[in-house]
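The block underneath contains the structure these notes are about, expressed in structure tokens.
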């Protein structure tokens, strides 16, 4: 099947056209700066070169139209017409407790996704806009929703409940949901396949770390705990997000500085994390470069904090699962920042974790075991492929229609 995968954000639409018979990407790219005067389409050619097409001021529907035009363009396209697209898979950020797996998009599903708007006000409305755009442009093509939160619906109540008055769970749905679920599901399954172990009899910690980041305890193939919570703000220290913080510190700051809820949201989501501590950047490559120069103490502090929190979660989840077989690194930092991987794993030597420094230093973006043969825990880099996971789910659902 040829599956078009769409990831609609608040101001962008990323896409991949995947042939699931060979798991190959036929085309990929994205529309950026939707709603601004200088919107554009960026796509990758088969030879790896990239092209940018200026679009001007467009909305999401026009962005999807531009993608479809490019896919069928006589010169740049890879298909002759829309009929070659068998189905469309959509990344949907928040499914709350309503969705524990990927589903065929129906009017009822759309209504339920809209009920989650208050939990993901920037993402779910954009996801629905993408679905509606495909419905208008390609009526009749089957569409599937694949939810970031679905994989984590196997968490037990002791992991997902907050110690708040219970009514806030029953009345408002306040609980841990977790995110990056499609990535965690893909890399845990792929790691088991790559290593030749039984996923259903394994203890794996998956580290999806980048500008955003989360860690998941995957016990026998199921998520039993994860670091992100009701929102993607909880857990690890991230590029601009604060991660775990004493809620009393937040109320203290609100009172002391007379902050509104919106101002506080901006602080914890956009002004904190690596950028907030370092005062330099949210890009870990820039932070590592500054640390190597040896003069930027705040950059060193930010890097130390970033790595320490990853180590802490790995250790906690190993204890929670009663042991650990595999640590998986993925995401922009996990796949490419060799120093972060080494420093995260060094304190775990007491658990028998031993990194092969030479292999680790040359591993970037490839499936590789970076631990030594003597290591009691296998440490592996697995590049994530959420789009392939979405395409596979979409194929599985629509093939029997």
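In my numbering, the protein residues as written are -4 to 396. Virtual Cβ for every residue (Gly too), placed ideally from N, Cα, C. Please read all numbers here as calculations on a predicted model, not as lab measurements.
Where does residue 280 land, buried or exposed, given buried means 16+ other C-beta within 10 angstroms? As a position in the chain shown, residue 280 is number 285, starting the count at 1. Exposed.
With a 10 Å radius around its C-beta and 16 neighbouring C-beta atoms as the bar for buried, classify residue 191 as buried or exposed. For the purposes of this step, residue 191 is identified with residue 196 of the chain shown, where counting begins at 1. Burial call: exposed.
Measure the alpha-carbon distance for residue 61 versus residue 55 and round it to whole angstroms. Locating residue 61 in the chain shown gives position 66, counting from the first residue. Locating residue 55 in the chain shown gives position 60, counting from the first residue. Distance between the alpha carbons of residue 61 and residue 55: 10 Å.
How about residue 321 and residue 376: are their beta carbons less than 9 Å apart? Start at 1 with the first residue of the chain shown, and residue 321 comes out as number 326. Start at 1 with the first residue of the chain shown, and residue 376 comes out as number 381. In this structure, residue 376 does not lie closer than 9 Å to residue 321 by Cβ.
For residue 199 and residue 278, the rounded distance between their alpha carbons: Counted from its first residue, the chain shown places residue 278 at position 283. Counted from its first residue, the chain shown places residue 199 at position 204. About 27 Å.
Neighbourhood of residue 84 by C-beta distance below 7 Å, restricted to the same chain and skipping five residues each side: Along the chain shown, one-based indexing puts residue 84 at 89. Taken in chain order, the residues that qualify are -2, 0, 139, 141, 385, 386, 388, 389.
Simplified DSSP state of residue 85, which is helix, strand or coil: Residue mapping note: residue 85 aligns to position 90 of the chain shown, counting from 1. Note: residue 85 maps to strand in three-state DSSP.
List in chain order: all unbroken beta strand (DSSP E) runs of 3+ residues lying wholly within the stretch 54 to 81. none
May I have the straight-line CA-CA distance separating residue 210 from residue 204, to the nearest angstrom? Residue 210 sits at position 215 when you count from the first residue of the chain shown. Residue 204 sits at position 209 when you count from the first residue of the chain shown. Roughly 8 Å separates the two Cα atoms.
Presumed contact (8 Å Cβ cut-off) between residue 269 and residue 234, rounded CB distance: On the chain shown, position 274 is the one that residue 269 refers to. On the chain shown, position 239 is the one that residue 234 refers to. The Cβ separation is near 5 Å, so the contact holds.
Whose C-beta lies closer than 8 Å to the C-beta of residue 88 among residues of the same chain, with five residues either side of it excluded? Reading the chain shown from its first residue, position 93 is the one you call residue 88. If we look at residue 88 and ignore the five residues flanking it on each side, its Cβ neighbours are 115, 118, 119, 122, 142, 143, 144, 174.
Mind checking whether residue 202 and residue 323 have CB atoms under 9 Å apart? Residue 202 sits at position 207 when you count from the first residue of the chain shown. Residue 323 sits at position 328 when you count from the first residue of the chain shown. Cβ distance < 9 Å, so residue 202 and residue 323 count as in contact.
Are the CB atoms of residue 273 and residue 296 nearer to each other than 9 Å? For the purposes of this step, residue 273 is identified with residue 278 of the chain shown, where counting begins at 1. For the purposes of this step, residue 296 is identified with residue 301 of the chain shown, where counting begins at 1. Yes, they are a contact pair.
Using the Cβ count rule (16 or more neighbours within 10 Å means buried), how would you classify residue 163? Residue 163 sits at position 168 when you count from the first residue of the chain shown. Exposed, since its Cβ has fewer than 16 Cβ neighbours within 10 Å.
Could you tell me which of 258, 133, 314, 276 sits nearest to residue 220, measuring between CA atoms? In the chain shown, the residue the question calls residue 220 occupies position 225. Ranking the options by Cα distance to residue 220, first place goes to 314.
In this structure, does DSSP put residue 428 in helix, strand or coil? For residue 428 there is no data in the structure shown, the boundaries of the chain being -4 and 396.
Using a Cβ distance threshold of 8 Å, determine whether the stretch 175 to 194 contacts the stretch 304 to 312, with at least three qualifying pairs required. no
If you run the structure through DSSP and keep just helix, strand and coil, what is residue 22? Counted from its first residue, the chain shown places residue 22 at position 27. Strand.
State whether the stretch 17 to 36 contacts the stretch 57 to 76, with contact taken as three or more CB pairs (one from each stretch) at a distance under 8 Å. yes
May I ask which residues mark the beginning and end of the alpha helix (DSSP H) holding residue 189? The residue given as residue 189 occupies position 194 in the chain shown. From DSSP, the alpha helix (DSSP H) with residue 189 extends over 176 to 190.
Identify every residue that forms a DSSP beta bridge with residue 113. Stepping through the chain shown from its first residue, residue 113 is reached at position 118. Answer by DSSP bridge pairing: none, since residue 113 is not bridged.
Spatial distance of residue 208 from residue 15 (CA atoms): As a first step, residue 208 must be located in the chain shown, where it is residue number 213. As a first step, residue 15 must be located in the chain shown, where it is residue number 20. Spanning the two alpha carbons is a distance of roughly 28 Å.
Starting from the C-beta of residue 255, find all residues in its chain whose C-beta is less than 6 Å away, skip the five residues before and the five after it, and write them out in chain order. Taking the chain shown and counting its residues from 1, one reaches residue 255 at position 260. So the list is empty, once near-sequence residues are dropped.
When DSSP labels each residue in this structure, what does residue 200 get in the three-state scheme? Counted from its first residue, the chain shown places residue 200 at position 205. Strand, per DSSP.
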